[in-house]
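According to the working numbering, the stretch in the sequence shown is residues 651 to 721, in order.
Using N, Cα and C, we set each Cβ at its ideal position, and we do this for glycine too.
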Amino acid sequence: MRRSRMRLTIRTMRKALEKKDVPAATALLPGTFSIVDRAAKWGIIQDNTAARYKARIHKRLKALSGTPAAA
């Protein structure tokens, strides 16, 4: 159940990014990060995997919003 909730949340976030819907993606960001962090805490995914998911999502959101991504 927890794994499917995490996957659904990430999928929803990715769809918002693909549609280039910056306000929706920005609104989904804290919830997505929270679910990913909790999945790492529960042992569903490893800590580095959680960090990678969050970094890639954040990088895509920054690219859409026009803010330069940190190198």
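How about residue i and residue j: are their beta carbons less than 8 Å apart?
i, j, result
"T682", "M663", "yes"
"V686", "K669", "no"
Can you give the Cα-Cα distance for residue i and residue j, rounded to whole angstroms?
i, j, result
"H708", "T659", "14 Å"
"R688", "G716", "29 Å"
"I694", "R655", "11 Å"
"A666", "P673", "9 Å"
"A700", "R661", "14 Å"
"L678", "R706", "15 Å"
Which same chain residues, not among the five before or five after residue i, have their C-beta less than 8 Å away from its C-beta?
i, result
"A714", "Position check: residue 714 holds Leu in this sequence, whereas Ala was assumed. Here the set comprises L667, K670, V672, A675."
Here's a check: name, in chain order, each residue in its chain whose Cβ is nearer than 7 Å to the Cβ of residue i, leaving out the five neighbours to either side.
i, result
"R652", "A689, W692, I694"
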